[in-house]
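See structure below.
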Amino acid sequence: MKIAALGIDVGSTTIKMVAVNSVGEMVWNHLEQVDPRVEKQVDSFLEKLRNEIKSLEGIPLVATGYGRNLVQQAVKNITEITCHTRGVYHQLGHGGTLIDIGGQDSKVVVIGAEGQVLDFAMNDKCAAGTGRFLENSAARMHIPVVEMGFVALSATEEVTISSTCTVFAESEIISMLAQGIEVEPILMGLHRSLVKRVTAMVRSVGLAPPLLLSGGVVKNPAIRKVIEDETKEKVFIPEHPQLMGAYGAALFALGIK
Amino acid sequence: MGMTASLKYYWNVKVTGQPFLYWQRRQAERYPRIPSRWRMDILSPPLRIGARTKELISRHYLEGRYASGHRPVAWVTSGGPVEILQALGFYVLYPENHGALCGVRGAVVELSGMAENAGYSTDICSYARTDIGSVLSGKTPVGHLPKPDLLLACTNICQTVLYWYRVLARHFEVPLILIDTPFVYTKVSDHALGYVKKQLENSISISEQVAGCRLDYRHLKQIIRLSKDATELWQEIISRGRHQPAPISVFDQFIHMAPIVEMRGKKETVYFYAELLRELDENIAKGKGAVRNERKRLLWDNLPIWYRLRYLAEYLGEHGICVVSSTYTNAWGELASLMNSEKPLESIARTYISPILNQGTKYKLDTMKRMVKEFQLDGVILHSDRSCKPYSIGQIDQRNKLIQEFGIPALLLEADHDDPRAYADEQVASRLASFVEMLDD
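The listed protein sequences derive, respectively, from chains A and B. This note's numbering numbers the first residue of the first sequence as 458 and each following residue consecutively. This note's numbering numbers the first residue of the second sequence as 480 and each following residue consecutively.
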C-alpha cells in the first residue's frame, strides 16, 4: 500500500480517516464513533495506520469537519463543504447538487462543472433535517438506527408527521403510538418529514441536476427513495458516501483537483 | 418643569458631567490608547473619532439621566420623525439604540429574560423584549433611563413598534403618538403623503401640550437643516467605502452610526460627522484601510449582530476581507435628499415614508445591486435576523438574484441582532469558513 496523502473528517457523530495514493485513489479508510477526546482518537488512528505502513513521515494530513481545529497533526484545515465537494466531484467526475445529510447538520452544495462550490445552504441551528432527527425518533421507538430505513420501506401506508422540530416530533410520535398506530407508517412519515426539510434547502439554492447524495444517513435506503420521490430526480451516490469529507480532505492534501 | 430638577440637571450635566466627559475625551485624544485585545496584525488602529463617539453617547445618556422634571422626555422609534420633538425641546430617547447598546454590553439575556418572565414571548423582537425588560426591572447598563412624558411610534420600520409602544403607553400612562406610514410598493402616492402629513399636523398639538410650549416653525426649519446636513455627511462617510482599501468597515460604521440615529437635528452631530469624514479622507490619502490586507470586499444586509461585532470583524479581517458597505447604514443616509427645510411638514412626511423597510423588497434588491457595482464587491452576507422580520423577508430571493446577476457568492447567516441565544457560534463559524473558501476559490 503506497500512501501519498491523508484526510480526516472529525464529524459530530463519527470520525473518518482516508488515505489516498499518488493518483488520488482511496487505498485505506477507517471510521469510528467520535470520542470526546478527539486528539487521542486521531493519535490512535495514525497509530493504526503506522502499523500497516511503518512510517507516516512526510505524508500530509488535511482535516475537515466540526472538530477539524482539534487535529494538531494536520497541515491544513478545510471546511466540510469544500471537502465533500472535492471528494464527490473526484469520485463521480461531474458536478450537480449535492445533499449531505450529517449527524448534526445537513448541507446542500451546488457543484459547478469544474468542481467548484457555486452555492451552498445549511440547516439552521435546529436539528430537524439532520441525522439526529432520525436517531432520536428511532430511539423513542426502540429501533436500531441501521434498521430504521428498512423498517420504513416495509410500510404499506404512511402517516404525516407535521412537526419538523425534533422535540415536537418526539411527542407527536408518542401520541401516535398511544393511539395504536403501527411503527412502520410512523417511520415512513419521519423520513418524509426529514427529507422535506432538506428539499426545502435544495429549493433555496435552486436544484442544478444531477442530484448527488453523501453522508452517513445515505446508508439508510428509505432516505434515497423519499428524496427521489420528493424531487422527482434520480439520485447518484458515491461509493463511500460517508467518507467523502475525509476523501476530499485527502485530495486537498495531495493537491489534486 | 421643576426648579429642583433643573438645578440637578445643570449641576450634574452642565457643570460637572459634560466637562468631565470633555476632559476624558481630550485625554483619550492626547494619549491615544489601543485596547490591549485589538488585533493590530489584521485591523488598522481604532479611528481617532472613537473618543468623540464615546463622549457623545455618554453625554446623551447623561442628559437623559437628569432630564426628567427639567425637560420633557419622549421615547421614539428609530425611524420616528423626531424633528418636531427636537424643535419643542424634548429630550429624545431611542429604545432600539438602547437595546443595541445592551447587546454590545452583553445585557440582553438578563433584560429580555425579565420581559419573558412577565409573559412576553421570545418570538417578539429582541429590542422590544430588552426594552420592556429594562422598563419592568429598572435595570440598564447606562445607569438610568428617564421616564417618558410622551411616546412616538412610527410604523415605517415594522408593525411590532405599534404593539410595543402600546405596552409602554399603558405602563407609563402617557400619551402615544402613532404615525402610520402606508407601505410604498412602487412610488410614494400623494394620498399616502397627505395621510402622513395630516398625522404629523395632529401630533403637533399633543406634543405642544406635553412640552408646554408652542412650536416655533423657524426653529423646526433649522432642525431639519441640521438633520439634512448630518445625513448628507453620513452618506459621504459611507460612500468612502468605495476606496480600495476602504478606510472604514461596516463594523466601524455600526459603532459610529449612533449619532445619526439618536442625535439628528443637533449641531454637534454635524460637527462630529464632518470630523469623521476628515479623518477618513486623511486615511485615504495615506492609503490606510480598515483591514490591513484588504483582498476581498463584501456587502452586509440587515442589522448588525451587536454581540458578535468584534468576532466578525476579526474573523473576516484575518482573511483579508473587509465588509465595506451595508444596506443598514445606508438607510440612515439615503434619505438626505428628501429633507427640505423650506417645506417642513411635507418633507418630513416624504422622508419618513421612504425608509428601506417601508418599501417593497425589490427596492432593497436594487439597492444591493447598486452597491455591488459601486463598491466593487466580491460577495454578500445577508444576516437573516430572527427579530427583524420586515428586513429579512425576501432575502432568499434577493440572495439568489444577486448570485445569478453578478456571479458572486452570497451567504445567508442566521442569527438575531440582539439575542445571543438565537446564535450558534460553531454553526456561524462553519458557514463563514465555507464562504471564505468560496471567495478564494
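We put the CB at the ideal spot given by N, CA and C, even for glycine. Predicted, not measured: the structure shown is a model, and the values here were computed from it.
Interface criterion met: the Cβ of Asp581 (chain A) is under 8 Å from a Cβ in chain B. Taking 8 Å as the threshold, the shortest C-beta distance from Glu916 (chain B) to chain A falls below it.
The beta carbon of Ile872 (chain B) lies closer than 7 Å to those of Thr840 in the same chain, with the five residues before and after it left out. For Val851 (chain B), the three-state secondary structure derived from DSSP is helix. In the structure shown, Asn508 (chain A) adopts helical secondary structure according to DSSP, grouped into three states. Counting C-beta pairs with one atom in each stretch, the stretch 847-864 of chain B and the stretch 745-762 of chain B have fewer than three that are closer than 8 Å, which means they do not touch. Of the candidates A:Val532, A:Trp485, A:Ser479, the residue whose Cα lies closest to the Cα of Lys473 (chain A) is A:Trp485.
Secondary structure in the stretch 792-833 of chain B: the beta strand (DSSP E) runs of 3 residues or longer, each lying completely within the stretch, are 800-805 in chain order. Assigned with DSSP and collapsed to three states, Phe577 (chain A) falls in strand. Residue range 483-490 is occupied by the beta strand (DSSP E) that includes Glu489 (chain A). For the set B:Leu881, B:Gln723, B:His896, the Cα lying nearest the Cα of Leu844 (chain B) is the one of B:Leu881.
Around the beta carbon of Gln838 (chain B), 16 or more other beta carbons lie within 10 angstroms, which makes this residue buried. Note: Leu555 (chain A) is bridge-paired with A:Val566, A:Leu669 in the DSSP secondary-structure output. Contacts between Asn635 (chain B) and chain A, judged by CB atoms closer than 9 Å, are missing: the closest CB pair is about 29 Å apart.
A direct Cα-to-Cα measurement between Tyr501 (chain B) and Arg494 (chain A) gives close to 54 Å. Contact between the stretch 573-585 of chain B and the stretch 884-904 of chain B is present: three or more C-beta pairs spanning the two stretches fall below 8 Å. 8 Å or more divides the Cβ of Pro498 (chain B) from the Cβ of Leu572 (chain B). Shown here for Val567 (chain A): same chain residues with a beta carbon closer than 6 Å to its own, the five before and five after excluded, namely Thr554, Leu575, Asp576, Val662, Ala665 in chain order. Listed in chain order, the alpha helix (DSSP H) runs fully inside the stretch 606-630 of chain A amount to none, counting runs of at least 4 residues.
Burial is judged here by how many other beta carbons sit within 10 angstroms of a residue's own beta carbon; Val655 (chain A) has at least 16 and is buried. Counting only residues of its own chain and dropping the five nearest sequence neighbours on each side, Val770 (chain B) has a CB closer than 8 Å to the CB of Ile521, Leu522, Ser523, Pro724, Ala725, Ser728, Leu795, Gly796, Gly799, Ile800, Cys801.
By the criterion of a C-beta distance shorter than 8 Å, Leu669 (chain A) is surrounded in its chain by Val545, Leu549, Gly553, Thr554, Leu555, Ile556, Ile568, Val692, Phe693, Ile694, Pro695, once the five residues flanking it on both sides are discounted. Inter-segment contact for the stretch 552-566 of chain B and the stretch 522-540 of chain B is absent: fewer than three beta-carbon pairs are separated by less than 8 Å. Ala679 (chain A) places its beta carbon 8 Å or farther from that of Pro517 (chain A). Between Arg527 (chain B) and Glu758 (chain B), the CB-CB gap stays under 8 Å. Taking Cys637 (chain B) as reference, the option from B:Asp628, B:Thr660, B:Ala903, B:Ile763 with the minimal CA-CA separation is B:Thr660. One finds Ser661 in chain A with Cβ atoms closer than 7 Å to the Cβ of Ile875 (chain B), taken in chain order. A check of alpha carbon separations from Ser469 (chain A) across A:His697, A:Glu514, A:Met633, A:Glu537 identifies A:Glu537 as the nearest. For Met593 (chain B), the enclosing alpha helix (DSSP H) covers residues 587-596. Within the same chain, Thr471, Lys473, Leu488, Ser671, Gly672, Gly673, Val675, Lys676 come within 8 Å of Gln699 (chain A) by CB-CB distance, once the 5 residues on both sides are set aside.
By the neighbour-count criterion, in which 16 or more other beta carbons inside 10 Å mark a residue as buried, Val624 (chain A) falls on the exposed side. Interface flag for Phe590 (chain A) against chain B is unset, since no Cβ pair is found closer than 8 Å.
Taking 7 Å as the cut-off between beta carbons, the residues of the stretch 894-920 of chain B near chain A are Ala903, Glu905, Gln906, Ser909, Arg910, Ala912, Ser913, Glu916, Met917, Asp920, in sequence order. If the five residues before and after Leu567 (chain B) are omitted, its C-beta is found closer than 8 Å to the C-beta atoms of Pro551, Ser686, Glu687, Ala690, Cys692, Leu694, all from its own chain and listed in chain order.
Of all C-beta pairs linking the stretch 634-643 of chain A to the stretch 599-613 of chain A, three or more are shorter than 8 Å, placing the two stretches in contact. At a cut-off of 8 Å between beta-carbon atoms, Tyr523 (chain A) makes contact with chain B.
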